[in-house]
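Just so we're aligned: 193 in this note's numbering is position 194 of the sequence shown, and the numbers increase by one with no gaps anywhere. In what follows, a single structure is set out as structure tokens and then discussed.
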Amino acid sequence: MKGLEFIIFDLDDTIYPRSAGVMQAIGDRIHRYMVERLGLDEEVAVRLRREYLTRYGTTMRGLITHHHIDPEDYLAYVHQVPLADLLSPAPRLDAALSEILAEKVIFTNASREHAGRVLQTMDIERHFTRIVDIRDMDYRSKPHPTAYQRLLTLLGARPQACLLVDDSARNLRPARELGMTTVLVGDGHLEDGVDFVIEEVAQVGSVVKKLGT
Ligand SMILES: [Mg+2]
């Protein structure tokens, strides 16, 4: 791959492993938001959350569309999780990122405040030049195609110059269609829309090496 300029990382369950439990904690907050703020029954909340996630890629998009929530209130509420108890500095990832010359960016369906706190807790924030968050996407989350267009516009990047790293194959597919190279992180496998699979994000350097940049 000639001319790799940007490595774009998803945040949650990508920058740290799923086993850290951060998304579990956020999921609990989302559930409480639906029950306490919106007054939904527990079972209804569980069902709707699953439905919105499948249909829109995030629960938030469904809540905006069908329950007219204030996205800022929602984002502040659901990201109140004890990050310091769940995450710690990541020296291996820090070293791996140091060896990669391309510009590093976070591209997240969460808020930039949450992303900033995660990066700070892991002590790796210095590597990232930019956080493209859900507001930057006008609350139209990945995998909605406009999210990726927005990302490219904000970065002033050609898709061919981008490597996207995400734990969700569903979120990689639209990027692949635009011409980005895609890396799936975690226990997934090669499938449609996925160019590379790595077990953990610190291995991203091996992909960059394979691309010969
Ligand atoms: Mg993720």
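Ideal Cβ placement from N, Cα and C applies to all residues, glycine included.
Nearest neighbour of residue 181 by Cα position, chosen from 194, 188, 170 and 169, turns out to be 194. Within the DSSP secondary-structure output, residue 129 pairs in a beta bridge with 104. As the crow flies, the alpha-carbon of residue 63 is around 35 angstroms from that of residue 88. Rounded to whole angstroms, the Cβ separation of residue 166 and residue 69 is 28 angstroms, and the two are not in contact under 8 angstroms. Secondary structure note for residue 165: its beta strand (DSSP E) is the uninterrupted segment 161-165. In this structure residue 154 is buried. Its beta-carbon is surrounded by 16 or more other beta-carbon atoms within 10 angstroms. Short of 8 angstroms from the beta carbon of residue 145, and not among the five residues preceding or following it, lie these beta carbons of its own chain, in chain order: 136, 137 and 139. A direct Cα-to-Cα measurement between residue 119 and residue 95 gives close to 17 angstroms. In this structure, the alpha-carbon of residue 27 lies about 9 angstroms from that of residue 80.
Between the alpha carbons of residue 44 and residue 108 lies a distance of about 20 angstroms. Residue 153 is not bridged by DSSP to any residue. Looking from the CA of residue 131, the closest CA among 4, 30 and 147 belongs to 147.
If you keep only unbroken beta strand (DSSP E) runs of at least 3 residues inside the stretch 32-115, you get 102-106.
Each residue's CA atom was taken as its position, placing residue 168 and residue 54 some 15 angstroms apart. Ligand 1 approaches residue 167 closely enough that one of its heavy atoms is under 8 angstroms from the residue's Cβ. Under the three-state reduction of DSSP, residue 197 is assigned to strand. Taking 8 angstroms as the cut-off, the C-beta of residue 186 does not count as close to any heavy atom of ligand 1. Apart from the 5 residues on each side of it in sequence, residue 173 sits with its Cβ closer than 7 angstroms to the Cβ of 142, 144 and 147 in its chain, given in chain order. In the DSSP assignment, residue 177 falls within the unbroken alpha helix (DSSP H) covering 168-177. Distances taken from the Cβ of residue 27 to the heavy atoms of ligand 1 include none shorter than 8 angstroms. Remark: C-beta atoms of residue 105 and residue 114 approach each other more closely than 9 angstroms.
Within the same chain, 166 come within 6 angstroms of residue 185 by CB-CB distance, once the 5 residues on both sides are set aside.
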